[in-house]
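Under our numbering, the first residue of the sequence shown is numbered 2, with each subsequent residue one higher.
Before any comments, here is the structure.
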Amino acid sequence: MKPYTFEKSEALFERAKKVIPGGIYGHQSPLLLTKGAYPSFFARGEGSHVWDVDGNEYIDYMCSYGPIVLGHRHPRVEEAVRRQGDLGNCFNAPTERWVELAEYLVSITPFADWAVFAKNGSDVCTYATVVARQATGRPKIAMCQGAYHGAHAWCTPVTSGLTPEDRANIVYFTYNDLESLQRVVAENHGKIAGLMISPFRHDAGHDSELPVEGFLSGVRKICDDHGIVFILDDVRAGFRLHMGGSGELFGVRPDLSTYCKAIANGYPLAACLGRDSLRKASQEVFFTGSYFTSAVPMAASLATLRELEATDGIERMRAIGEKLRTGLLSEARSHGIEVTYSGPPAIPYMTFKADAGRFDRNKLFCGECSRSGVYFAPRHNWFISTAISDQDLERTLEVTDRAFAAVKSQFVA
Ligand code: PMP
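In structure tokens form, the structure reads like this:
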């Protein structure tokens, strides 16, 4: 098969640059990918496959960086979207979906008594910090160094355009290092309102880290001992690891949790779930937005989550992820290449040991895969959807075997 070419993508990108600063910004910027090996624009998706504007077809292992959990255009989700769309989406007050979805989320989440809705992960992560401050009357938020909780001023990884005041109340500790948290809590005694943490460490451009035994329960205990609100940022992992929240998989229950990405199979929706003890603070703070009550994404969410639950989508993604891992590790071994395969099976990431924190081999490997119809990103963890078939996996492993061979032939060490 001939490697893909991207003439239409390139022409569209030139047009985009004239009217959109940088053409494409944020995590989908082509600067983060392998030059010349990826499309910049997509045209359509169906199940586990996506097609770019040049007509090239890919097996999708990025899932729109997380939102697509059942595959593109899942029939049950699209049917719910059509049905709600026929009635209308955006009114002067919410629809019944607002209540149904909150009831459903509370019913599947052991710790939660209420839910609020928004559009982006950043919205609900920032909201959770505001609720924690209102509940405790304290100013500071603790988070892990290098963690991503969104694009808002208090947590964006890029500090251009910010003031030191934007970060004045943020204190940092290290994931999987309870002593570093104890130190931060002691240094800021009585001042920390909330602690935000993801269920596993998935900092962009780093190998992922699962929580070591006792870490998350240790964090929970420190929060309890010091009256700190425990906020689980489940935006990336939510509904890929456990239907009751990723904390359930690791044996920890937060006070607040935030969701986005997989919650509505690609339709714009975010949620923050909380305990009764924070209901009053939640009512006292201000939270709103032009589309916060839109009904179509909520209908999509109900259909997505019910489908995941009814079909044990979580177990399916785990099993697919296991097969991918086994296949890739066996191929790497057969080529004599050392890789680090990290993260839970449904949200995996692979790096090349010899890259030593750079991404040269990863960019070549993922670029070779992309040009042959298998879409992985080199600097970001991947996402499995329930739509990946055995045939997809077989085809994927043929492509990855050739990509490993390309790495072997272009890098001596
Ligand atoms: N938290 C985590 C863990 C995330 O992965 C993301 C998005 N990548 C966010 C928060 C922010 O979500 P959004 O991009 O929807 O604002």
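Positions of the beta carbon are idealized from the N, C-alpha and C atoms, including for glycine.
None of the values given here were measured: they were computed from a predicted structure.
| request: Assign Leu106 to buried or exposed, taking buried as 16 or more other Cβ atoms, counted over all protein chains shown, within 10 Å of its Cβ. | output: Reading the sequence shown from its first residue, position 105 is the one you call residue 106. Buried, since its Cβ has 16 or more Cβ neighbours within 10 Å.
| task | Since I believe Ala194 is in contact with Ile142 (beta carbons under 8 angstroms), could you give me their beta-carbon distance rounded to a whole number of angstroms? | result | Position 141 of the sequence shown holds residue 142. Position 193 of the sequence shown holds residue 194. The pair is a contact, with the Cβ atoms about 6 angstroms apart (cut-off 8 angstroms).
| field | First through last residue of the beta strand (DSSP E) which encompasses Phe353 | value | For the purposes of this step, residue 353 is taken as residue 352 along the sequence shown, with counting starting at 1. Here the beta strand (DSSP E) through Phe353 covers Tyr350 to Phe353.
| query | Exposed or buried, His203, counting other C-beta atoms within 10 Å across all chains shown (16 or more means buried)? | reply | For the purposes of this step, residue 203 is taken as the residue at position 202 of the sequence shown. So His203 counts as buried.
| message | So, at 7 angstroms on beta carbons, what are the nonlocal neighbours of Leu13 in its own chain, with the 5 sequence-adjacent residues on each side left out? | response | Looking up residue 13 in the sequence shown gives position 12. Closer than 7 angstroms at the Cβ level, and outside the excluded window around Leu13, lie Ser41, Phe42 and Val54.
| Validate contact between the region 310-328 and the region 122-142 using beta carbons, cut 8 angstroms, 3 pairs | Touching, no, given that fewer than three Cβ pairs across the two stretches are closer than 8 angstroms.
| In chain order, each beta strand (DSSP E) run of at least 3 residues that lies wholly inside the region 5-86 | 43-47, 50-53 and 58-61
| query | Which residues have a Cβ closer than 6 angstroms to any heavy atom of ligand 1, listed in chain order? | reply | Taking every residue with its beta carbon within less than 6 angstroms of a heavy atom belonging to ligand 1 gives, in chain order, Asn121, Gly122, Ser123, Cys126, Tyr149, His150, Gly151, Ala152, Ser199, Asp234, Val236, Arg237 and Cys261.
| query | Can you give the Cα-Cα distance for Phe1 and Val340, rounded to whole angstroms? | reply | As displayed, the chain neither begins before 2 nor continues past 414, which places residue 1 out of reach and without an answer.
| field | Any chain C beta carbon closer than 8 angstroms to Arg326 | value | No chain C appears in this structure, which consists of one protein chain only.
| query | Near Cys64, what residues of its chain come up, given a Cβ to Cβ distance below 6 angstroms and the 5 sequence neighbours on each side ignored? | reply | The residue labelled residue 64 in the question sits at position 63 within the sequence shown. Phe384 and Ser386, listed in sequence order.
| request: Over the uninterrupted alpha helix (DSSP H) stretch that includes Val400, give me the two end residues. | output: Position 399 of the sequence shown, counting from 1, holds the residue named residue 400. Residues Asp391 to Gln411.
| query | Can you tell me where the alpha helix (DSSP H) with Thr127 in it begins and where it stops? | reply | Locating residue 127 in the sequence shown gives position 126, where the first residue counts as 1. For Thr127, the uninterrupted alpha helix (DSSP H) run begins and ends at Gly122 to Thr137, by DSSP.
| Could you give the distance in angstroms between the alpha-carbon of Ala81 and the alpha-carbon of Ala300? | Your numbering for residue 81 matches position 80 in the sequence shown. Your numbering for residue 300 matches position 299 in the sequence shown. Taking the Cα positions, Ala81 is about 6 angstroms away from Ala300.
| message | Distance check for Ser181 and Val172, CA to CA, integer angstroms please. | response | Residue mapping note: residue 172 aligns to position 171 of the sequence shown, counting from 1. Residue mapping note: residue 181 aligns to position 180 of the sequence shown, counting from 1. Going by the C-alpha atoms only, they are around 11 angstroms apart.
| Opposite Thr259 in the DSSP bridges: which residues? | Start at 1 with the first residue of the sequence shown, and residue 259 comes out as number 258. For Thr259, which the question treats as bridged, DSSP gives the partners Asp234 and Cys273.
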